[in-house]
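Asks: Mind looking over this structure? Questions follow.
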Amino acid sequence: MNPLLSLWNLLVEFLAVNAKPLLQITVLPGMSFILLFAIVVLWFERKFLARAMLRVGPYYCGKRSG
Numbered sequence: 297m298n299p300l301l302s303l304w305n306l307l308v309e310f311l312a313v314n315a316k317p318l319l320q321i322t323v324l325p326g327m328s329f330i331l332l333f334a335i336v337v338l339w340f341e342r343k344f345l346a347r348a349m350l351r352v353g354p355y356y357c358g359k360r361s362g
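Set out below in structure tokens:
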């Protein structure tokens with residue numbers, strides 16, 4: 297039997313049994329980290345750009361100070 301075909305069959309059998317736990321261990325925490333990282337980066341970007349444009353925000357501007 298071809299060794300590559302044998303290796304492929306072993307891989308298919310392994311994934312048939314362990315696909316869900318493998319996804320739970322790797323993909324779900326990874327996606328959670330990416331989502332949290334994106335939220336934090338967007339927040340920092342907004343804060344940085346506001347400081348670069350010298351914006352003081354709605355609490356310190358306007359007739360009645362907010």
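Counted the way the working numbering counts, the sequence shown spans residues 297 to 362. Backbone N, C-alpha and C define an ideal beta-carbon position, used for all residues, glycine too.
1. In this structure, how does DSSP classify N298 when only helix, strand and coil are distinguished?
2. Tell me whether M349 is buried or exposed, calling it buried when 16 or more other Cβ atoms sit within 10 Å of its Cβ.
3. V337 to L345, Cα distance in whole Å?
4. If you reduce the DSSP assignment to three classes, tell me which class G362 lands in.
Replies: Taking the geometry as given:
1. Residue state, collapsed to three classes: coil.
2. Exposed: under 16 other Cβ atoms inside 10 Å.
3. For V337 and L345, the distance between alpha carbons rounds to 12 Å.
4. A caution first: G362 carries a pLDDT of 47, below 50, which makes its placement in the model too unreliable to give a value.
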